[in-house]
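There are 2 protein chains.
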Amino acid sequence: MTVAAWFRGVAGVAGILLPATLAAQDAAAPAGGPAGGFVKEFGTMWTFDAPPLEYWKATYGFAPDAAWLDHVRLASIRLPGCSASFVSGAGLVMTNHHCARACISAVSPADTNYQESGFVARSRSEEKKCAGLYVDQLQAIENVTPRLAALEGAPLDSAIAAIQAACADAPDITCQVVPLYNGGRYSLYRYRRFGDVRLVMAPEEAISFFGGDPDNFTYPRYDLDLTLLRVYENDAPSAPKDFLRWSASGPADGEVVFVTGNPGSTGRLLTMAQMEYLRDVQYPDQLAQLERQLAALEAVSKAGPAARRAHENAIFSAQNAHKAITGYRTGLVDSAIMARKATFERDFRGRIEADPALRAQYGSAWDAIAAVQQERRGMAAAIRWHTLTNAQLVQLAGALVRYPAQAALPDSARLPQFRGPGLASARAQLEANVPVNPALDKLVLAGHLRAAAAELPATDPYLQAFLAGRTPDAAAAALVDGTTLGDPAVRKRLLAGGAKAVAASKDPLIVVARRLAPVIDPVAAQVAKQNAAISAAYGTALPPDATFTLRISDGVVKGFPYNGTIAPYKTSFYGLFARAAEFDHVPPFRLPPRWTAKRGAITMETPLDFVSTTDIIGGNSGSPVINRNAEVVGLIFDGNIEMLPNRFIFTDEVSRSVSVHSEAIVEALRKVYDAGWIADELEGGGARR
Amino acid sequence: MTVAAWFRGVAGVAGILLPATLAAQDAAAPAGGPAGGFVKEFGTMWTFDAPPLEYWKATYGFAPDAAWLDHVRLASIRLPGCSASFVSGAGLVMTNHHCARACISAVSPADTNYQESGFVARSRSEEKKCAGLYVDQLQAIENVTPRLAALEGAPLDSAIAAIQAACADAPDITCQVVPLYNGGRYSLYRYRRFGDVRLVMAPEEAISFFGGDPDNFTYPRYDLDLTLLRVYENDAPSAPKDFLRWSASGPADGEVVFVTGNPGSTGRLLTMAQMEYLRDVQYPDQLAQLERQLAALEAVSKAGPAARRAHENAIFSAQNAHKAITGYRTGLVDSAIMARKATFERDFRGRIEADPALRAQYGSAWDAIAAVQQERRGMAAAIRWHTLTNAQLVQLAGALVRYPAQAALPDSARLPQFRGPGLASARAQLEANVPVNPALDKLVLAGHLRAAAAELPATDPYLQAFLAGRTPDAAAAALVDGTTLGDPAVRKRLLAGGAKAVAASKDPLIVVARRLAPVIDPVAAQVAKQNAAISAAYGTALPPDATFTLRISDGVVKGFPYNGTIAPYKTSFYGLFARAAEFDHVPPFRLPPRWTAKRGAITMETPLDFVSTTDIIGGNSGSPVINRNAEVVGLIFDGNIEMLPNRFIFTDEVSRSVSVHSEAIVEALRKVYDAGWIADELEGGGARR
């Protein structure tokens, strides 16, 4: 499909309900909706080129001018996978501890682990460079949908690559064309990249992640999930014109606040049928897979403390994913939430039905989607078992076999992950020097094969490709021991050799992956076809799902009903020491020694964390929370457990963003970390030094 | 129906599943049940004449002897509506603050309200007598079912009265025949009554009920819900032989504990159909009625602080009931809990079906019950609106009209509340000198009539009886202003005059109540018939529902999953100060001045409250929590919100009893209340002075 055709497919609805045209939404808004055409179910992850000025004015009496918005946008920066902000005129950057884990580990000296002990530079000269870390500052957004549409006939990926290349007109500029609305709109995001980032201060993990996996995704919460970095240019602290000043008082109960950051992905455009499929098939499968993954990780971790340390991040990720998916699913099994989604869907279908042109084009889409979801249910066993598993070496083999075949196809015929800029990034990932873990891969692969063998007939071609008459454990051991794909040089040679080299390879995992391709790809292609139908049904008719690009969300500081009572809008240092005592100081509720030693110096009433109704999701980690003066009042680091279903439908009765309170940061720097010089820099109006 | 017939109706199943015959239960226990034939769904509210010795031994390796059980029974005492215990050899009694409210108010001097300020006797000479308060100590339990059965032909109420009278053979002995298993078994409870009870120490309500209505029924919790009383005999402290010694260490995480107290009522024998009726009809009605009641109370409280104070208890009661019923209903709308009940019911019906004799007698009962519940649904409007309302004067009028008519009927033909000992207690209540509140009654009655008028046709005979052409407000005002029933002397005269006096009365509320009787009573009679069918279906086949008599429950000290994380098994003084700070010290989260003043003296890590899996319900308030050495480790004062559905089916995954920790009591007495002499008495091994 060409760009123009792709675009024409959704042109019918473009302009009707785009967030930029709120007035048009007003006319069609369901009765009882808030001012400005705001459709609550779709949340408040606004793009900076379409801020909901009318809605903010009507709701909060707040009307920021262009300068306010530009200032806030430029002070908000992006780290790989996370969000951050400039918080001083000397390039100080605030983000979460869990966003800087790689750097914190990498700069630790041989005899000390800064994850455990924390790190505080006594002066700028002690700040430690984070190798490979960079931050991106969003310079401009341009809607390039018309430019792409004008290039009728050109393959989408080349057109996008050309636009991106033309945009990146200086060495420190990177550009990305971002598909919004499932590809109904394309926006060009232009960033300035800063490549010299240094570690200034990181607390101990025992306080940044106090409460560990149990408290993860919950509130009341007692975490100082903070890291302070500094951007350097030419070996001197950067002097950004736009940085966020520190609030003198922090947030008040009920106060309006804004979060600027990069939410990663949401699924608010999914239909009921898709949500039911996730609820009944996909999520249960993923949970079972994660449970197998965790069992394998626990097994390899038993080798000793070093092994445990080595797999700690992976265990955390798997636990985190398990808790998140469980939470997403909670929303899907909640009849009240599903009823709300059904009400919205009825309203939305009503709008389509009411317009003859829209009805002709999309009227049948929901039933079609429901039909393909039903079809997918029939293929559940194949979808569940005919996968490359979580074993990394097997995934590499699969991608290596697929790459030359996909590259040879026209863009629109490729699997989704190889379309547009996906092709180049797939190749880059295969060539990157990533560490592999054969012992873990053996366990993961054997676990998957055992589970598959228990459900599939022995004649199943997938099983036969892997087992070739061996037991699951023997097959996994032989395949992982026999492969050389862990070596990036081997992978580069295979990629360079193209389809011929892949066909000739005797690497045992490549041999299996070649046999797997005809088994797996029909499933993947079917799923891709379904996704295209879904995309065609919705187009640009609603605010864009999250795309890990800069958004600004509004909300208020507010407690919520929980556990039969009410959760306070803030927690306190008292509460931190309470939770430690109430669990008898057993990890993950054990405080770092520095905290127990400094207990007498701390003002216990100081607020520690707080909650607001702002709309965030993974990727927002490290986002600043600001007040209407664009001053920092907090630092986003999580959502409560009730927020997880917001992936599919935004609600704010009980779902809350969780932030570190600005006062907690200063109190900890001064009283616990003897880092008054950093607190002075934050509080000193961010004077440019 | 005579006693013998009543008893014969259930004799067929007696002895099969009685808690006393655990061995017999073993044979029929569902697969996977715990040792000793324990049926978890029915909980652990054991009577002292049938302790589950085998189950305790198998579960905890604990086998108390008869002396242990006698000692614990005699140390456990009952207050009107509450539970308590002897905690020193000098007659010191421990109970909840909310169990002694009436006394605390009554002994307050004119210029001080001890509810607000707290009260601490500096020595025994300052202890203040609680007029009218008494405690009952359970001396013995006798199964009198055979004696009642032998009196074939005698009316049940006379037979019971005779047994009670013969039992009460000394001035300080009171006796009560308690129907268990809906009247399938009768036990005679013989009590020694102590009539001189004095107030020793009561904390401020702001700490005993810290967190107020929001935190009520929840955990984590931070309340010192304590009152210490002392029993006197002959104007000197009593010297009970059996009292509970104080534990040196309090409860450990995971430790087995026991609660001895008087659970008020449970509904664990209800069928699915009954539970569905409660869920769909009765509870929604009651909640709406309570909301109207609260609106009326709020309205009369607006007159000023004195009015608010006067209605505070009633507001608390209504809020408490609203939260409790909401919680009960939560269990009924929880599909997992209902599925568990359905599984149990299937199992139970299976047992009945498996025995030809039982099948013949009870096999059809469930369907019959389901049919009458269905019938009740058809009468929902009548049941909802044809009531005497919560207006106290109207209820008095209704009871006065009913009393002579009911007294003239044979026992078995009476409405349930007038059967057996109910007749005499109904009369006593009517003759008692209770305060009335005409202003509130007007609002409550008008609110009910307005709501009824909105739902019922104008021709409805109930409405016509009340309104007689007036508006709801005018009718309510005229009726309440015109009645003299607030005067107990008037009520006594009416009762003495019998049916003739009632028929002749021109009191406007009596006139209405006379017209109401033929409208209301058919509904009440129908409900009574249904209850009789339900009772016949179950008989004594399962452990008895709670009857506000002494029970002993077992469990373990244990946190629970909550809010996406885990609740600790205990809270701390740190947590108390945290919750105050986190709500900005706004009531009900404001600490009493004495507590903020003494903050520096308190060891903040001291445990404050804790939770256990023991099985309690209203009436257990003030129960001691003891360890296997029969030492006090805590003081029951509430259950968590997850416990409310336990009214219908016992679960212990997340439901917990909430207690004050024994260490908190001593810490507060010593550090906050300067009451070392009381702490010494508790900790001093309870030396008899």
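First to last, the sequence lines map onto chains W and C.
Residue numbers 17 to 705, in this note's numbering, belong to the letters of the first sequence in order.
Residue numbers 17 to 705, in this note's numbering, belong to the letters of the second sequence in order.
Cβ atoms here follow ideal geometry from the backbone N, Cα and C, with glycine treated the same way.
These figures come from a predicted structure and were not determined experimentally.
Contact list for residue i against chain C, beta-carbon separation under 7 Å
{"i": "Ala597 of chain W", "result": "Ser588, Tyr590 and Glu621"}
{"i": "Ala492 of chain W", "result": "Simply none; closest approach about 35 Å."}
For residue i, the three-state DSSP class (helix, strand or coil)
{"i": "Leu412 of chain C", "result": "helix"}
{"i": "Tyr590 of chain C", "result": "helix"}
{"i": "Asp707 of chain C", "result": "Residue 707 of chain C lies beyond the range of chain C shown here (17 to 705); nothing can be said about it."}
{"i": "Met354 of chain W", "result": "helix"}
{"i": "His114 of chain C", "result": "helix"}
{"i": "Val160 of chain W", "result": "coil"}
{"i": "Gly25 of chain W", "result": "Residue confidence is low: Gly25 of chain W scores 25 on pLDDT, short of 50, so the model does not pin down where it sits. Its coordinate-derived value is still stated next. Helix."}
{"i": "Asp212 of chain W", "result": "strand"}
{"i": "Tyr344 of chain C", "result": "helix"}
{"i": "Cys146 of chain W", "result": "coil"}
{"i": "Ala255 of chain C", "result": "coil"}
{"i": "Met217 of chain C", "result": "strand"}
{"i": "Val297 of chain W", "result": "helix"}
{"i": "Ile706 of chain C", "result": "Summary: the structure shown does not reach residue 706 of chain C, with chain C confined to residues 17 through 705, and so no result is reported for it."}
Buried or exposed by the 16-neighbour rule on C-beta atoms within 10 Å, applied to residue i
{"i": "Glu669 of chain W", "result": "exposed"}
{"i": "Gly634 of chain W", "result": "buried"}
{"i": "Gly692 of chain W", "result": "exposed"}
{"i": "Ala39 of chain C", "result": "Note on Ala39 of chain C: pLDDT 25, under 50, position unreliable in the model; no value is reported."}
{"i": "Leu164 of chain W", "result": "buried"}
{"i": "Lys318 of chain C", "result": "exposed"}
{"i": "Lys687 of chain W", "result": "buried"}
{"i": "Lys339 of chain C", "result": "buried"}
{"i": "Asn250 of chain W", "result": "exposed"}
Interface partners of residue i on chain W, CB under 7 Å
{"i": "Ile582 of chain C", "result": "Pro230"}
{"i": "Ile618 of chain C", "result": "Residues of chain W passing the Cβ test: none, with the nearest at roughly 12 Å."}
{"i": "Gly270 of chain C", "result": "What Gly270 of chain C touches in chain W: nothing, since even the nearest Cβ is about 12 Å away."}
{"i": "Thr234 of chain C", "result": "Asn579, Gly580 and Thr581"}
Residue i: contacting residues in chain W (beta-carbon distance under 9 Å)
{"i": "Gly502 of chain C", "result": "Correct list: empty, because the minimum Cβ distance to chain W is about 38 Å."}
Beta strand (DSSP E) segment containing residue i, residue limits
{"i": "Glu647 of chain C", "result": "Glu647 to Gly655"}
{"i": "Asp570 of chain C", "result": "Arg567 to Val572"}
{"i": "Tyr248 of chain C", "result": "Thr243 to Glu249"}
Partner residues on chain C for residue i, Cβ-Cβ distance less than 8 Å
{"i": "Tyr578 of chain W", "result": "Asn579"}
Where the alpha helix (DSSP H) containing residue i begins and where it ends
{"i": "Thr190 of chain W", "result": "No alpha helix (DSSP H) contains Thr190 of chain W, which is instead part of the beta strand (DSSP E) from Ile189 to Leu196."}
{"i": "Ser174 of chain C", "result": "Leu172 to Cys183"}
{"i": "Pro640 of chain C", "result": "Here Pro640 of chain C belongs to no alpha helix (DSSP H); instead the beta strand (DSSP E) covers Pro640 to Ile642."}
{"i": "Gly709 of chain W", "result": "The displayed coordinates of chain W run from 17 to 705. Any statement about residue 709 of chain W would go beyond what the structure contains."}
{"i": "Gly277 of chain W", "result": "Taken as a continuous stretch (DSSP letters only), Gly277 of chain W belongs to no alpha helix (DSSP H), being part of the beta strand (DSSP E) at Val272 to Gly277."}
{"i": "Ile681 of chain W", "result": "Ser678 to Glu683"}
{"i": "Arg509 of chain W", "result": "Pro504 to Ala520"}
Within chain C, the residues that residue i reaches when beta carbons sit closer than 9 Å
{"i": "Ile657 of chain W", "result": "Asn579, Gly580 and Thr581"}
{"i": "Gly227 of chain W", "result": "Thr581"}
Contact list for residue i against chain W, beta-carbon separation under 8 Å
{"i": "Ile653 of chain C", "result": "Checking the sequence shown, residue 653 of chain C turns out to be Phe, not Ile. Within chain W, no residue comes near Phe653 of chain C; the closest Cβ sits about 15 Å away, beyond 8 Å."}
{"i": "Phe332 of chain C", "result": "Under the 8 Å cutoff, chain W gives no residues; its nearest Cβ is about 15 Å from Phe332 of chain C."}
Could you tell me whether the stretch 294–306 of chain C touches the stretch 361–370 of chain C, where touching means 3 or more Cβ pairs closer than 8 Å? no
I'd like to know if the stretch 103–117 of chain W and the stretch 163–177 of chain W are in contact, where contact means that at least 3 CB-CB pairs between them fall below 8 Å. no
*At a cut of 8 Å, does the stretch 562–575 of chain C reach the stretch 262–282 of chain C through at least three beta carbon pairs?*
yes
When you compare the stretch 242–250 of chain W with the stretch 212–227 of chain W, are there three or more beta-carbon pairs, one atom per stretch, that lie closer than 8 Å? yes
Taking three-plus beta-carbon pairs below 8 Å as touching, is the stretch 371–387 of chain C in contact with the stretch 413–426 of chain C? no
Between the stretch 611–622 of chain W and the stretch 254–268 of chain W, do at least 3 Cβ pairs fall closer than 8 Å? no
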